[in-house]
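S.K.: Next up is a structure, given as structure tokens.
Residue numbers (this note's numbering): 356 to 665.
So, in structure tokens, the structure goes:
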């Protein structure tokens with residue numbers, strides 16, 4: 356199935372791979388923001404996950420051990436943000452930006468000895484005859500395990516927020532932390548756990564970049580993916596299914612742009628490179644406006660510190 360010189364089946368399969376790191380980071384940030392916390396440090400957590408996962412995978416020879424290490428590293432880095440904002444009551448926006456700057460600098464230091472190193476290969480799952488099906492086999496049954504894990508995380512997050520007591524408590528904290536505290540819920544504990552989950556997802560998304568999508572370590576290789584994830588959460592109105600669609604849409608744009616260039620169309624890469632930062636500026640403008648927040652159905656306590664004893 357081709358349009359011009361572009362193979363549509365390959366395009367769709369490729370966009371699922373391109374979208375996976377953004378999707379993982381975005382779904383983690385969605386849970387964080389549902390708890391009423393705005394963490395702008397997604398980029399920093401992703402890059403720390405990328406270098407940690409890469410280093411451990413190269414050292415052990417096992418990419419899956421590297422992915423677990425990235426989850427742990429992302430959660431540990433997010434704990435810094437949690438301590439600053441939930442214990443020391445620092446400004447969330449400033450702390451998140453500081454976390455991104457820290458992650459970019461620290462990852463560059465850690466990754467110096469891994470430049471040019473080839474990581475162990477992450478194999479695609481074997482679905483047997485399903486992988487040989489025309490069209491559907493290549494699109495749905497030709498991926499590595501993290502593509503499917505990201506989809507499971509989206510479904511699990513949607514179900515947990517909608518159908519479980521823990522999910523309802525987290526949403527209550529995000530909507531009105533004072534009321535939730537009056538009902539006896541541990542606001543700070545809920546928020547810290549949400550922040551750790553967001554960090555773990557961002558770390559795993561970073562590891563996917565360095566171990567699967569672009570199997571190498573390069574300084575600053577996230578290249579704005581964390582900012583894109585942050586923007587996706589806002590424009591998806593904090594709904595998991597919309598985050599999934601948005602991530603796949605952006606993944607499709609990235610892959611299509613490369614395919615169009617290969618087909619002879621001249622689209623300057625600078626336009627795509629600057630888009631994450633333009634989107635982030637727009638998100639910050641919207642989030643600073645109470646009218647914009649309400650129109651997007653933002654959690655009522657988003658970005659607001661909780662001062663009562665949690």
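Just so you know, even glycine gets a beta-carbon here, dropped at the ideal spot from N, CA and C. All values reported here derive from a predicted model rather than from experimental measurement.
(1) Can you look up residue 481 in the DSSP assignment and give me helix, strand or coil?
(2) Counting C-beta neighbours from all protein chains within 10 Å, is the total for residue 547 16 or more, i.e. buried, or is it exposed?
(3) Can you list, in chain order, the residues of its chain whose CB lies under 7 Å from that of residue 390, leaving out five sequence neighbours each side?
(4) Please state if the CB of residue 400 and the CB of residue 429 are separated by a distance shorter than 9 Å.
(5) Just list the residues that DSSP pairs residue 499 with in beta bridges.
(6) Here's the rule I'm using: 16 or more other beta-carbon atoms within 10 Å means buried, otherwise exposed. How should residue 582 be labelled?
(7) Starting from the C-beta of residue 515, find all residues in its chain whose C-beta is less than 6 Å away, skip the five residues before and the five after it, and write them out in chain order.
(8) State the Cα-Cα distance for the pair residue 393 and residue 443, rounded to the nearest angstrom.
(9) With burial defined as no fewer than 16 other Cβ atoms inside 10 Å of the residue's Cβ, what is the status of residue 375: buried or exposed?
(10) Rounding to the nearest angstrom, what Cα-Cα distance links residue 470 and residue 588 in this structure?
(11) Once you ignore the five residues that flank residue 505 on each side, which residues in its own chain have a CB closer than 7 Å to its CB?
(12) To the nearest angstrom, how far is it from the Cα of residue 434 to the Cα of residue 555?
(13) Rounded to whole angstroms, what's the CA-CA distance from residue 637 to residue 448? Just pull it up for me.
(14) Classify residue 357: buried if its beta carbon has 16 or more other beta carbons within 10 angstroms, exposed otherwise.
(15) So what's residue 375 in DSSP terms, helix, strand or just coil?
(16) Is residue 415 helix, strand or coil when you go by DSSP?
(17) Can you check which of these residues, 565, 482, 373 and 417, is closest to residue 609 by C-alpha distance?
(18) Measuring CB to CB, does residue 367 end up less than 9 Å from residue 576?
(19) State the Cα-Cα distance for the pair residue 559 and residue 423, rounded to the nearest angstrom.
(20) From residue 482 to residue 532, what distance separates their C-alpha atoms?
(21) Need the endpoints of the alpha helix (DSSP H) that residue 543 sits in, please.
(22) When we look at the beta-carbon of residue 497 and count the other beta-carbons within 10 Å, is it buried (16 or more) or exposed?
(23) Where does residue 478 land, buried or exposed, given buried means 16+ other C-beta within 10 angstroms?
(24) Considering only the beta carbon of each residue, do residue 397 and residue 509 sit closer than 9 Å?
M.R.: To lay it out plainly:
(1) Sequence index remark: in the chain shown, residue 481 carries index 126 (1-based). Residue 481 falls in the coil class under three-state DSSP.
(2) Taking the chain shown and counting its residues from 1, one reaches residue 547 at position 192. So residue 547 counts as buried.
(3) As a position in the chain shown, residue 390 is number 35, starting the count at 1. Result list for residue 390: 525, 528, 529, 545, 546 and 549, in chain order.
(4) As a first step, residue 429 is located in the chain shown; it is residue number 74 there, counting from the start. As a first step, residue 400 is located in the chain shown; it is residue number 45 there, counting from the start. Yes. Within cutoff.
(5) Here residue 499 is taken as the residue at index 144 of the chain shown, counted from 1. BP columns for residue 499 point to 479.
(6) As a first step, residue 582 is located in the chain shown; it is residue number 227 there, counting from the start. Its Cβ being crowded by 16 or more others within 10 Å, residue 582 is buried.
(7) On the chain shown, residue 515 is found 160 positions in, with the first residue counted as 1. Within the same chain, residue 515 has close Cβ partners 522.
(8) Taking the chain shown and counting its residues from 1, one reaches residue 393 at position 38. Taking the chain shown and counting its residues from 1, one reaches residue 443 at position 88. Their backbone Cα atoms lie some 16 Å apart in a straight line.
(9) In the chain shown, residue 375 corresponds to position 20, counting from 1. With at least 16 other beta carbons inside 10 angstroms of its own, residue 375 counts as buried.
(10) The sequence position of residue 470 within the chain shown is 115, counting from 1. The sequence position of residue 588 within the chain shown is 233, counting from 1. Distance between the alpha carbons of residue 470 and residue 588 is about 32 Å.
(11) Working through the chain shown from its first residue, we reach residue 505 at position 150. Only 375, 378 and 379 meet the Cβ criterion.
(12) On the chain shown, position 79 is the one that residue 434 refers to. On the chain shown, position 200 is the one that residue 555 refers to. Approximately 10 Å between the Cα atoms of the pair.
(13) For this step, residue 637 is matched to residue 282 along the chain shown. For this step, residue 448 is matched to residue 93 along the chain shown. Roughly 15 Å separates the two Cα atoms.
(14) Within the chain shown, residue 357 is the residue found at index 2, counting from 1. Residue confidence for residue 357 is low, a pLDDT of 49 falling below 50, so the modelled location carries little weight and cannot support an answer.
(15) Position 20 of the chain shown holds residue 375. The answer is helix: DSSP assigns residue 375 an H, G or I state.
(16) In the chain shown, counting from the first residue as 1, residue 415 sits at position 60. For residue 415, the secondary structure class from DSSP, reduced to helix, strand or coil, is helix.
(17) The residue given as residue 609 occupies position 254 in the chain shown. Here the closest residue by C-alpha is 373.
(18) Stepping through the chain shown from its first residue, residue 367 is reached at position 12. Stepping through the chain shown from its first residue, residue 576 is reached at position 221. Result no, Cβ atoms of residue 367 and residue 576 do not sit closer than 9 Å.
(19) Mapped onto the chain shown, residue 559 falls at position 204. Mapped onto the chain shown, residue 423 falls at position 68. Distance from the CA of residue 559 to the CA of residue 423, rounded to the nearest whole angstrom, comes to 8 Å.
(20) Working through the chain shown from its first residue, we reach residue 482 at position 127. Working through the chain shown from its first residue, we reach residue 532 at position 177. Distance between the alpha carbons of residue 482 and residue 532 is about 46 Å.
(21) As a working note, residue 543 is residue 188 in the chain shown. Note, residue 543: alpha helix (DSSP H), 542–563.
(22) For the purposes of this step, residue 497 is identified with residue 142 of the chain shown, where counting begins at 1. Around the beta carbon of residue 497, a 10 Å sphere encloses 16 or more other beta carbons of the protein chains shown; the residue is thus reported as buried.
(23) Here residue 478 corresponds to residue number 123 of the chain shown, with the count starting at 1. Exposed, since its Cβ has fewer than 16 Cβ neighbours within 10 Å.
(24) Here residue 397 refers to the residue found at position 42 when the chain shown is read from its first residue. Here residue 509 refers to the residue found at position 154 when the chain shown is read from its first residue. Contact flag unset, no.
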